[in-house]
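A short worksheet on the structure shown next.
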Amino acid sequence: MTAIIIFLILALLLITGMPVSIALGLTVFTFLFTLSDVPMDAIALKLFTGIEKFEIMAIPFFILAGNFLTHGGVARRMIRFASSMVGHWYGGLGLASVLSCALFAAISGSSPATVMAVGSILLPAMVRQGYPAQFGVGTITSSGGLGILIPPSIVMVMYAVATSGMVVQGPNGDPVMSASIGDLFIAGVVPGLILAMMLAGTTTFRAWRNDYPRQPRASFGTRWQAFRESIWGLMLIVIIMGGIYGGIFTPTEAAAVSAVYAFIVAVWVYKDIKLSEVPKVLLSSAAMSAMLLYIITNAVMFAFILTSEQIPQTLSEWIVSLGLGKVGFLLVVNVLLLLIGMVMEPSAIVLIMAPILYPVAMALGVDPVHFGIMLVVNMEIGLCTPPVGLNLYVASSLSRLGLTEVTRATWPWLLTMLTFLMLITYIPEITLFLPRLLGM
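Under full-length UniProt numbering, the letters of the sequence shown match residues 1 to 440, in that order.
Structural data, given as structure tokens:
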């Protein structure tokens with residue numbers, strides 16, 4: 001009954017159109033003042049200790065790095081390199097969109113930023129080359145989702161933060177360690193590459209079936225020149241992943257290094273951003289970071305209330321007693337997250353649902369890293385589904401197509417992503433192969 005009351009209050013506040021962060025905070029305080037005897041000083045303490053985590057510092061740094069590279073010419077150079085490599089295949093510019101999104105995802109950590117950076121350049125180019133606008137919109141909207149699957153990923157950081165410190169038990173009663181950011185990053189590499197190839201296959205098939213135009217094959221010199229121009233952006237992938245798994249620095253330190261590196265590349269190497277424009281980039285990054293940190297703060301309070309009322313533990317025992325098993329539970333989780341993903345932002349969903357679902361998954365023997373990647377893929381699909389999928393709105397603003405048209409154009413690639421979700425859910429080796437190979 002307590003759980004029903006808490007979630008009913010939250011649902012009613014969200015239905016009014018209230019921002020998720022404020023709805024979470026009001027839910028907590030409404031429950032505290034009316035139905036709970038938890039002392040207020042405990043909540044005040046939790047407000048500070050909940051976000052006093054070293055891992056959270058990675059979020060503003062990754063946002064800053066992504067903004068420097070988005071405002072700079074890194075995306076444009078990566079797109080030129082991708083087009084020179086695959087532009088002569090069926091759906092060449094569509095394939096270039098997928099490859100560009102995959103490359104930019106590896107340095108931005110954000111799906112809407114990936115759609116904006118790649119779509120603002122490639123969508124007009126595709127229309128000029130004779131591609132239907134719907135084809136370009138569908139390709140870029142879906143491929144932009146790679147921004148939160150291919151590391152670094154802000155949503156992965158959120159999952160690690162939401163589940164860190166939770167004391168949960170496995171199916172044998174043994175304590176289960178939560179997934180670290182480094183584990184999640186390396187686990188996202190193989191799924192990200194597989195999804196990119198599946199999206200590319202869908203793009204090629206549709207282009208071949210409709211006989212869309214192809215570009216002339218680029219010469220070796222053109223490809224080499226495009227690679228040389230994009231090398232500074234591509235090196236950021238090596239710095240982040242190589243630094244983390246080479247033991248040089250932690251994921252949070254890697255985020256700080258990437259922000260400094262992105263600043264140097266954008267301002268002094270490519271010279272696409274003037275020093276006078278740097279404060280504008282810093283302010284926009286600070287505003288985005290503040291929004292996410294405010295959501296985190298309220299989500300921490302919400303999770304604290306749930307834990308104090310023993311709701312996750314009770315829910316875990318109830319679901320296990322239903323006898324759904326691992327297969328049935330994961331199917332229910334996918335359906336639930338896909339539905340919630342239609343109406344909420346990914347970071348908020350992870351912060352709210354992870355503390356609730358995580359203990360149940362661990363009790364059923366689901367690997368914490370595998371479960372985290374599965375959640376991320378669900379969030380990725382949610383970004384491409386109406387009515388509030390952020391990727392759809394970004395693509396709509398870029399293409400000037402209505403939301404309904406953009407949604408209809410994205411369906412073939414969305415079906416591909418749903419197929420991938422089933423693979424990633426029930427074949428955990430796809431996720432766990434690389435971490436196990438590296439002895440993680």
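Even for Gly, the Cβ is constructed at its ideal location relative to N, Cα and C.
Whole-angstrom distance between residue j and residue i, CA atom to CA atom
{"i": "ALA75", "j": "LEU315", "result": "45 Å"}
{"i": "ILE248", "j": "ARG214", "result": "44 Å"}
{"i": "ASP211", "j": "PRO386", "result": "29 Å"}
{"i": "LEU195", "j": "PHE420", "result": "7 Å"}
{"i": "SER110", "j": "THR141", "result": "13 Å"}
{"i": "ILE63", "j": "GLY323", "result": "42 Å"}
{"i": "TYR270", "j": "PHE68", "result": "11 Å"}
{"i": "MET126", "j": "MET288", "result": "30 Å"}
{"i": "GLY325", "j": "LEU364", "result": "7 Å"}
{"i": "VAL278", "j": "ALA44", "result": "36 Å"}
{"i": "ILE244", "j": "LEU184", "result": "12 Å"}
{"i": "ILE154", "j": "PHE29", "result": "28 Å"}
{"i": "PRO112", "j": "SER285", "result": "14 Å"}
{"i": "VAL332", "j": "THR70", "result": "37 Å"}
{"i": "TYR426", "j": "VAL168", "result": "22 Å"}
{"i": "ASP272", "j": "GLY389", "result": "31 Å"}
{"i": "GLU229", "j": "VAL300", "result": "43 Å"}
{"i": "ALA266", "j": "ALA65", "result": "10 Å"}
{"i": "ILE22", "j": "ALA348", "result": "11 Å"}
{"i": "LEU383", "j": "GLY94", "result": "20 Å"}
{"i": "VAL320", "j": "SER276", "result": "58 Å"}
{"i": "ALA3", "j": "ASP41", "result": "23 Å"}
{"i": "MET57", "j": "LEU292", "result": "12 Å"}
{"i": "VAL38", "j": "THR16", "result": "27 Å"}
{"i": "ILE237", "j": "ALA259", "result": "12 Å"}
{"i": "ARG209", "j": "PRO132", "result": "14 Å"}
{"i": "GLY73", "j": "GLY242", "result": "24 Å"}
{"i": "GLY138", "j": "SER396", "result": "11 Å"}
{"i": "MET353", "j": "MET18", "result": "19 Å"}
{"i": "THR297", "j": "VAL20", "result": "12 Å"}
{"i": "LEU401", "j": "TRP224", "result": "36 Å"}
{"i": "GLY130", "j": "PHE220", "result": "26 Å"}
{"i": "VAL366", "j": "PRO428", "result": "9 Å"}
{"i": "VAL327", "j": "GLY246", "result": "36 Å"}
{"i": "ILE311", "j": "LEU437", "result": "37 Å"}
Presumed contact (8 Å Cβ cut-off) between residue i and residue j, rounded CB distance
{"i": "THR204", "j": "TRP89", "result": "7 Å"}
{"i": "MET156", "j": "TYR358", "result": "Their Cβ separation, rounded to whole angstroms, is 14 Å, which puts MET156 and TYR358 out of contact at 8 Å."}
{"i": "LEU122", "j": "GLY136", "result": "7 Å"}
{"i": "ALA102", "j": "VAL86", "result": "At roughly 11 Å, the Cβ-Cβ gap does not stay under 8 Å, so ALA102 and VAL86 are not in contact."}
{"i": "ALA290", "j": "PHE61", "result": "Actually they are not in contact, since the Cβ atoms of ALA290 and PHE61 sit about 14 Å apart, beyond 8 Å."}
{"i": "ARG80", "j": "ALA262", "result": "With a Cβ gap of about 19 Å, ARG80 and ALA262 do not count as contacting."}
{"i": "GLU55", "j": "ILE181", "result": "6 Å"}
{"i": "LYS274", "j": "SER164", "result": "Not confirmed; about 40 Å, so no contact."}
{"i": "LEU414", "j": "LEU403", "result": "With 8 Å as the limit, LEU414 and LEU403 do not qualify as a contact, their Cβ atoms being about 14 Å apart."}
{"i": "GLY145", "j": "SER108", "result": "Actually they are not in contact, since the Cβ atoms of GLY145 and SER108 sit about 12 Å apart, beyond 8 Å."}
Opposing strand residues paired with residue i [DSSP bridges]
{"i": "VAL388", "result": "According to DSSP, which records beta bridges pairwise, VAL388 is partnered with nothing at all."}
{"i": "VAL168", "result": "VAL176"}
Beta-carbon proximity of residue i to residue j, cut-off 9 Å
{"i": "VAL377", "j": "ILE424", "result": "yes"}
{"i": "GLY119", "j": "LEU398", "result": "yes"}
{"i": "THR410", "j": "LEU199", "result": "no"}
{"i": "ALA187", "j": "VAL350", "result": "no"}
{"i": "SER100", "j": "ALA218", "result": "no"}
{"i": "PRO368", "j": "MET177", "result": "yes"}
{"i": "ILE5", "j": "PHE31", "result": "yes"}
{"i": "ALA179", "j": "PHE371", "result": "yes"}
{"i": "VAL115", "j": "VAL394", "result": "yes"}
{"i": "ILE240", "j": "ALA106", "result": "yes"}
{"i": "THR202", "j": "PRO412", "result": "yes"}
{"i": "LEU418", "j": "ILE381", "result": "yes"}
{"i": "LEU434", "j": "VAL98", "result": "no"}
{"i": "ILE295", "j": "LEU24", "result": "yes"}
{"i": "ALA303", "j": "PRO346", "result": "no"}
{"i": "THR27", "j": "LEU10", "result": "yes"}
{"i": "GLN134", "j": "GLU405", "result": "yes"}
{"i": "MET362", "j": "GLY170", "result": "yes"}
{"i": "ALA207", "j": "GLY92", "result": "yes"}
{"i": "LEU337", "j": "LEU375", "result": "yes"}
{"i": "LEU234", "j": "MET78", "result": "yes"}
Within-9 Å CB hit, residue i to chain B
{"i": "ILE248", "result": "Here there is only one protein chain, and chain B is not present."}
Suppose only complete runs of 3+ residues qualify. What are the beta strand (DSSP E) ranges in the stretch 207 to 231, listed by chain order? Listed in chain order, the beta strand (DSSP E) runs fully inside the stretch 207 to 231 amount to none, counting runs of at least 3 residues.
Run through the stretch 236 to 268 for me and flag every whole alpha helix (DSSP H) of 4 or more residues, listed as ranges in chain order. As far as the stretch 236 to 268 is concerned, its whole alpha helix (DSSP H) runs of at least 4 residues are 251 to 264.
Ranges of the alpha helix (DSSP H) found wholly within the stretch 296 to 379, counting only runs of at least 4: Taken in chain order, the whole alpha helix (DSSP H) runs of length 4 or more contained in the stretch 296 to 379 are 311 to 322, 325 to 341 and 346 to 363.
What are the complete alpha helix (DSSP H) segments, minimum 4 residues, inside the stretch 87 to 118? Whole alpha helix (DSSP H) segments, 4+ residues: 92 to 108.
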